[in-house]
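Structure first, then comments.
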Amino acid sequence: MEISSKENTHFFSNTTILPVDRSSFKSESSASKEKQSCCGGIKVFLGALSFVYFAKALSGSYLKSTITQIERRFDIPSSLVGVIDGSFEIGNLLIIILVSYFGAKLHRPRIIGAGCLIMSAGTFLIAMPQFFMGRYRYERFPSTINSTVSISPCLQDKSQTPLSALEKSQAKINAGCEKEAGSSMWIYVLLGNLLRGIGETPIQPLGITYIDDYAVEENAALYIGCVQTVAIIGPIFGFLLGSLCAKLYVDIGFVDLDSVTITHKDVQWVGAWWLGYLIAGVISILAGIPFWFLPKHLPKPEGRKDSSSSSEQSKFITEDNKEPHKPYQQQVKIAEMAKGKSLEFLSWLVNFLPSLKNLFGNPVYLLYLCASIIQFNSLIGMVTYKPKYIEQQYGQTSSKTNFVIGLINIPAVAFGIFSGGLIMKKFRIDVLGAAKLSLGSSFFGYLLLLSLFAMGCENSDVAGLTVSYHGTKRTTDYEQALFSECNSGCLCSKDDWDPICGEDGVTYISACLAGCQASNGSGKNTVFFNCSCVGTLELPSRRSSAVVGPCQKGNECPKKFLYFLVISVVTSYTLSVGGTPGYILLLRCIKPHLKSFALGIYTLAIRVLAGIPAPVYFGVAIDTTCLKWASKRCGGRGACRLYDSSALRYVYLGLTLVLGMVSIFFSVAVLWVLRKRSSPQDETLSANGERSTCGTKSRKDNFVSSDHLIQTTYWPEKETRL
Numbered sequence: 007m008e009i010s011s012k013e014n015t016h017f018f019s020n021t022t023i024l025p026v027d028r029s030s031f032k033s034e035s036s037a038s039k040e041k042q043s044c045c046g047g048i049k050v051f052l053g054a055l056s057f058v059y060f061a062k063a064l065s066g067s068y069l070k071s072t073i074t075q076i077e078r079r080f081d082i083p084s085s086l087v088g089v090i091d092g093s094f095e096i097g098n099l100l101i102i103i104l105v106s107y108f109g110a111k112l113h114r115p116r117i118i119g120a121g122c123l124i125m126s127a128g129t130f131l132i133a134m135p136q137f138f139m140g141r142y143r144y145e146r147f148p149s150t151i152n153s154t155v156s157i158s159p160c161l162q163d164k165s166q167t168p169l170s171a172l173e174k175s176q177a178k179i180n181a182g183c184e185k186e187a188g189s190s191m192w193i194y195v196l197l198g199n200l201l202r203g204i205g206e207t208p209i210q211p212l213g214i215t216y217i218d219d220y221a222v223e224e225n226a227a228l229y230i231g232c233v234q235t236v237a238i239i240g241p242i243f244g245f246l247l248g249s250l251c252a253k254l255y256v257d258i259g260f261v262d263l264d265s266v267t268i269t270h271k272d273v274q275w276v277g278a279w280w281l282g283y284l285i286a287g288v289i290s291i292l293a294g295i296p297f298w299f300l301p302k303h304l305p306k307p308e309g310r311k312d313s314s315s316s317s318e319q320s321k322f323i324t325e326d327n328k329e330p331h332k333p334y335q336q337q338v339k340i341a342e343m344a345k346g347k348s349l350e351f352l353s354w355l356v357n358f359l360p361s362l363k364n365l366f367g368n369p370v371y372l373l374y375l376c377a378s379i380i381q382f383n384s385l386i387g388m389v390t391y392k393p394k395y396i397e398q399q400y401g402q403t404s405s406k407t408n409f410v411i412g413l414i415n416i417p418a419v420a421f422g423i424f425s426g427g428l429i430m431k432k433f434r435i436d437v438l439g440a441a442k443l444s445l446g447s448s449f450f451g452y453l454l455l456l457s458l459f460a461m462g463c464e465n466s467d468v469a470g471l472t473v474s475y476h477g478t479k480r481t482t483d484y485e486q487a488l489f490s491e492c493n494s495g496c497l498c499s500k501d502d503w504d505p506i507c508g509e510d511g512v513t514y515i516s517a518c519l520a521g522c523q524a525s526n527g528s529g530k531n532t533v534f535f536n537c538s539c540v541g542t543l544e545l546p547s548r549r550s551s552a553v554v555g556p557c558q559k560g561n562e563c564p565k566k567f568l569y570f571l572v573i574s575v576v577t578s579y580t581l582s583v584g585g586t587p588g589y590i591l592l593l594r595c596i597k598p599h600l601k602s603f604a605l606g607i608y609t610l611a612i613r614v615l616a617g618i619p620a621p622v623y624f625g626v627a628i629d630t631t632c633l634k635w636a637s638k639r640c641g642g643r644g645a646c647r648l649y650d651s652s653a654l655r656y657v658y659l660g661l662t663l664v665l666g667m668v669s670i671f672f673s674v675a676v677l678w679v680l681r682k683r684s685s686p687q688d689e690t691l692s693a694n695g696e697r698s699t700c701g702t703k704s705r706k707d708n709f710v711s712s713d714h715l716i717q718t719t720y721w722p723e724k725e726t727r728l
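So for the sequence shown, the numbering used here puts the first residue at 7; every next one is plus one.
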């Protein structure tokens, strides 16, 4: 550059020597370096945030995959499992407002890093009960355990049972009562999930706003779409990890696996649910390390240095920015004068209520918040109990269910979210278009969900529960229907759950209730003979044997399961397309200095009004469809062993669909408000900041006195306009 400048100087030296302004070259060089630093910094943060999203999504999805395992291990109903699942949101609730409001003023990357450490500690705590409670005990008739003592399943007289065997059985019951307190260790799972929720709190509001502040405006939507896409990859590995652990016995490494008499296909099987939490905890620690080395601020892109908001956002809230800022300026002065912690907290209180009033005075934000709350109620409840639904409705194992969800369903969600961000960027969709895209994806997604009602399986034939011992449908109370003339001579308990499959294709709750008089073999290969209740309708002499384990569902069920998977994948993709447009709509309908606070309030509302109650009332509703409850050794109701398939289908899908349709009505209201505020003469604003200038309507309402502006909190022209 210096050589070329000297040549230029000599070229004009005949008359005048012109001075060379080297500052312009320096400014160009510094601007180029600053641009490279900005691009590099935001990409490093984007990669680190994506990995954190992956880690938190993996641990969260793994919890969903272990719902049935935890339910069986601690012998608790679905409603209580819902409380455990909702404790994550309670953890968010405890600090979300403080993190969202103060987080923007502090070192955001380091706050995220500290959150990762807390999240990993909670994940480790969830796995701790496995190391402190006794070994898992499942119900099995003595003849199916490897033993030299031969006992008839149908005990016509206690004298048939050796005294030592009875004493041994009674001793086990007494020991079980003494260790019954171990079942309360599910509280540690709840506390661990609560701590995990506290650690996850700063990731979303601080991470998303950090990207939106320092990314090039036209790339913001794509970056957010990338983060959310990586976040969906986490559940893929989470459910696959759940599938792997579900095949491993719960006490692997603690007991001899050859002594286990059940398989992973048995309804009493519990996998190594604790193992995945140890892996997820280590990943969370690794994910938090990069944030301790990232800067508090990044250089803003060249096009956004002189503006506090994006081009679209400044236009979107043009009228709102004209409101008097005297109260806010006074609050800033108070904050600047505050020297101690008490004055800072007082300043926060002074700022908090006006900011909250400003947010809820925005009808677009308020209506979108209501739509999101109801839709997340639908989605959270559906996702939480989807593994249980597949297991009970289609007779699939926990391992296969988690594998299918992780390998087929979750990628469709990831592709849908990424597609939404790509569509926003490629077609330069404005805020009004984002609202339309979000509404359309919800409408068609729930419309597809309606077809799943026809993809259910009928109840399995279980003697005394779904069918009588005479082959007719059950009409009486199940406890009374469990006993019949064929097993009247047996001393059976209605609380037992050790299902066997008769040659007649009917499942019997236990060999005793099937009236079996003899058995051959041991463990998993036990075969029962001379079962008086098996084959009572036809060919009784040839159909009197049974094998360990329940009978499989009907022949049509596997085919319906395939149809369910196809429709579920399409539905998941359709619903996910509206994810990124919804985020853009949320970010563009609020003032720049309230972005972190608005996202925090949004997250808080989702946690409190959707994340906490949805798993609980979905679990309560699902519990109403239970046909057979387990009984604890010392009395009390345990986990559900068998559900009414038809009732479960209508409750699970019906509740999901009703909530989804209500959310659509609020989405329509959002679109109506946005259309009301826009007109063909207004400027068309795109999500990437480009605009086509047109005439703007002038209204008499704009020419109002300043006194009226101070008194009025909302009017049609005040809020964001397109």
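C-beta: ideal position from N, C-alpha, C; glycine also.
Whose C-beta lies closer than 6 Å to the C-beta of residue i among residues of the same chain, with five residues either side of it excluded?
i           : result
residue 582 : 419, 422, 423
residue 126 : 287, 290, 291
residue 123 : 294
residue 115 : 297, 300
residue 334 : The predicted position of residue 334 is uncertain, since its pLDDT is 46 and thus under 50; a value taken from the coordinates is nonetheless stated next. Result list for residue 334: empty, nothing under 6 Å.
Could you tell me whether the Cβ atoms of residue i and residue j are closer together than 8 Å?
i           : j           : result
residue 69  : residue 199 : yes
residue 65  : residue 286 : yes
residue 504 : residue 84  : no
residue 132 : residue 195 : yes
residue 297 : residue 118 : yes
residue 4   : residue 67  : Residue 4 cannot be examined here, being either before or after the span of the chain that is shown, 7 to 728.
residue 256 : residue 278 : yes
residue 570 : residue 387 : no
residue 516 : residue 236 : no
residue 680 : residue 471 : no
residue 50  : residue 208 : no
residue 666 : residue 92  : no
residue 541 : residue 508 : yes
Taking residue i and residue j to be in contact with their CB atoms under 8 Å, please state how far apart those CB atoms are, rounded to whole angstroms.
i           : j           : result
residue 73  : residue 390 : 7 Å
residue 365 : residue 600 : 7 Å
residue 214 : residue 230 : 6 Å
Rounded to the nearest angstrom, what separates residue i and residue j at their Cα positions?
i           : j           : result
residue 281 : residue 411 : 20 Å
residue 646 : residue 247 : 25 Å
residue 258 : residue 268 : 14 Å
residue 383 : residue 220 : 33 Å
residue 403 : residue 575 : 20 Å
residue 53  : residue 500 : 57 Å
residue 437 : residue 594 : 7 Å
residue 275 : residue 457 : 32 Å
residue 586 : residue 401 : 35 Å
residue 476 : residue 264 : 38 Å
residue 674 : residue 596 : 19 Å
residue 393 : residue 98  : 25 Å
residue 460 : residue 375 : 33 Å
residue 514 : residue 103 : 54 Å
residue 372 : residue 512 : 55 Å
Sorted by chain position, which residues of the same chain lie with C-beta nearer than 8 Å to residue i's C-beta, five sequence neighbours on each side aside?
i           : result
residue 38  : In this prediction, residue 38 has a pLDDT of 46, which is less than 50 and means its spatial position is unreliable; what the coordinates show is noted afterwards. So no residue of the chain qualifies.
residue 637 : 501, 643, 644
residue 76  : 82, 87, 90, 192, 195, 279
I'd like the span of the alpha helix (DSSP H) that includes residue i, first residue to last.
i           : result
residue 669 : 651 to 683
residue 137 : Per DSSP, residue 137 belongs to no alpha helix (DSSP H) and is neither H nor E.
residue 111 : Premise fails: residue 111 is in no alpha helix (DSSP H) and is neither H nor E.
residue 627 : 619 to 629
residue 524 : Segment 522 to 526 is the beta strand (DSSP E) holding residue 524; no alpha helix (DSSP H) there.
residue 389 : 369 to 390
Report all residues from its chain with a CB closer than 7 Å to the CB of residue i; omit the five preceding and five following residues, and keep chain order.
i           : result
residue 100 : 204
residue 399 : 462, 463, 651, 654, 655
residue 266 : 255
residue 454 : 573, 576, 577, 580
residue 121 : 205, 206, 207, 208, 209
Tell me where the beta strand (DSSP E) around residue i begins and ends.
i           : result
residue 508 : 506 to 508
residue 637 : 632 to 637
residue 531 : Note, residue 531: premise wrong, no beta strand (DSSP E); not H, not E.
Would the C-beta of residue i count as close to the ligand HEM, meaning under 7 Å from any of its heavy atoms?
i          : result
residue 73 : The ligand HEM is absent from the structure shown, which contains no ligands of any kind.
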